Ligand code: C2E
Ligand code: MG
Ligand code: MG
Ligand code: MG
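Residue numbers (full-length UniProt numbering): 29 to 316.
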């Protein structure tokens with residue numbers, strides 16, 4: 029499925045609806061070319077907002093493929109294919125470079141917010157990754173504290189021992205780690221406690237019916253308490269309305285992300301979004 033198409037503008041390419049949809053091999057070939065081009069692989073940014081006062085506390089970098097013939101392709105349609113090949117490394121480097129460059133530009137304009145980049149399983153077991161990331165940060169004079177990396181439990185589980193070494197190196201260097209899509213994977217409590225992470229992101233599937241579903245409320249409350257007891261910050265993914273945000277505030281959730289707070293958009297649109305969110309939040313103290 030093309031979950032969360034991040035449809036900032038226009039419609040997103042849907043391979044299921046395309047009678048001439050390319051097979052995986054063809055798509056990989058096209059992706060290889062896209063990575064060599066300048067303008068096909070682009071990064072959008074989605075706000076992460078403090079639940080208490082609406083402060084902008086960071087952004088998540090989300091990749092999009094602007095295919096010259098097929099239109100925009102969402103990451104779920106090509107990341108899993110790229111993950112089986114070394115192309116995922118090229119892609120990750122490209123996204124990371126864009127995100128770090130953008131973060132430097134924001135910082136130069138007085139906006140000191142961390143950018144979160146998603147890491148796939150194959151990158152997590154690459155022992156060179158920490159060194160490469162730190163070199164990229166240094167080259168752009170961006171402090172490691174302004175880079176967060178989002179990982180999933182299932183990615184860690186691919187090779188837990190090697191992943192743990194990479195994660196420790198990253199964290200020792202001052203890069204914060206975030207556990208993405210929490211609740212959808214193995215969700216072994218013992219692993220959660222051993223993983224060197226700073227933040228837990230509750231998966232959208234637990235948030236989308238939060239207002240009406242008592243079971244989800246109980247679950248989300250428990251996850252927030254669990255995370256806090258482990259000293260972790262909690263992010264709710266996929267917050268789509270004001271009621272859900274209010275409920276998350278009552279439950280003590282720290283950070284919210286979702287269409288209600290801002291859709292993934294090009295960096296240039298972030299200022300426009302700030303104005304829109306500020307207007308929508310009306311009386312409530314809102315400091316972006
Ligand atoms: P994710 O990291 O869990 O990112 C959140 C996804 O939920 C994004 O989908 C985002 O657009 C979408 N989303 C955010 N708020 C809402 C909301 O309120 N409602 C709904 N329905 N959806 C919302 P997107 O951009 O299509 O990305 C999908 C997944 O692709 C990401 O899930 C992440 O796992 C992966 N991904 C994206 N960019 C990268 C990347 O640069 N590298 C890697 N390795 N994976 C990436
Ligand atoms: Mg993520
Ligand atoms: Mg997620
Ligand atoms: Mg995900």
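In this text, a Cβ means the ideal position worked out from N, Cα and C, and glycines have one as well.
Values in this document were obtained by computation on a predicted structure and should not be read as measured data.
Its chain contains 120, 157 as the residues whose beta carbon lies nearer than 6 Å to that of residue 151, once the 5 sequence neighbours on both sides are disregarded; these appear in chain order. The segment 254–284 contains, as complete beta strand (DSSP E) runs of 3+ residues, the segments 261–264 (chain order). Just so you know, the alpha carbons of residue 139 and residue 130 end up roughly 11 Å apart. DSSP places residue 159 in no beta strand (DSSP E) but in the uninterrupted alpha helix (DSSP H) bounded by 157–167. Cβ-Cβ distances below 6 Å link residue 143 to 87, 89, 127, 131 in the same chain, with the five nearest sequence neighbours on each side left out; the list follows chain order. Residue 172 and residue 191 have their C-alpha atoms some 19 Å from each other. With a cut-off of 8 Å on Cβ pairs, the segment 228–235 is not in contact with the segment 194–201, counting fewer than three such pairs. By the neighbour-count criterion, in which a residue is buried when 16 or more other Cβ atoms sit within 10 angstroms of its Cβ, residue 112 is exposed. Residue 206 sits close to residue 227, with the two beta carbons spaced by under 8 Å. Residue 146 has its Cβ nearer than 7 Å to a heavy atom of ligand 2. Here DSSP, grouped into helix, strand and coil, assigns residue 230 to strand. The segment 179–213 is shown to contain whole alpha helix (DSSP H) runs of 4 or more residues at 181–186, 188–200, in chain order.
Judged by their CB atoms, residue 74 and residue 285 are nearer to each other than the 8 Å cut-off. Counting along the chain, the unbroken alpha helix (DSSP H) around residue 123 starts and ends at 115–136. Take residue 268, set aside five residues on each side of it, and the residues of its chain with a beta-carbon closer than 6 Å to its own are 286, 287, 288, in chain order. At least one heavy atom of ligand 2 sits closer than 7 Å to the Cβ of residue 208. In the DSSP secondary-structure assignment, residue 92 is bridged to 70. At a cut-off of 7 Å, the beta-carbon of residue 88 counts as near ligand 2: some heavy atom of the ligand is closer than that.
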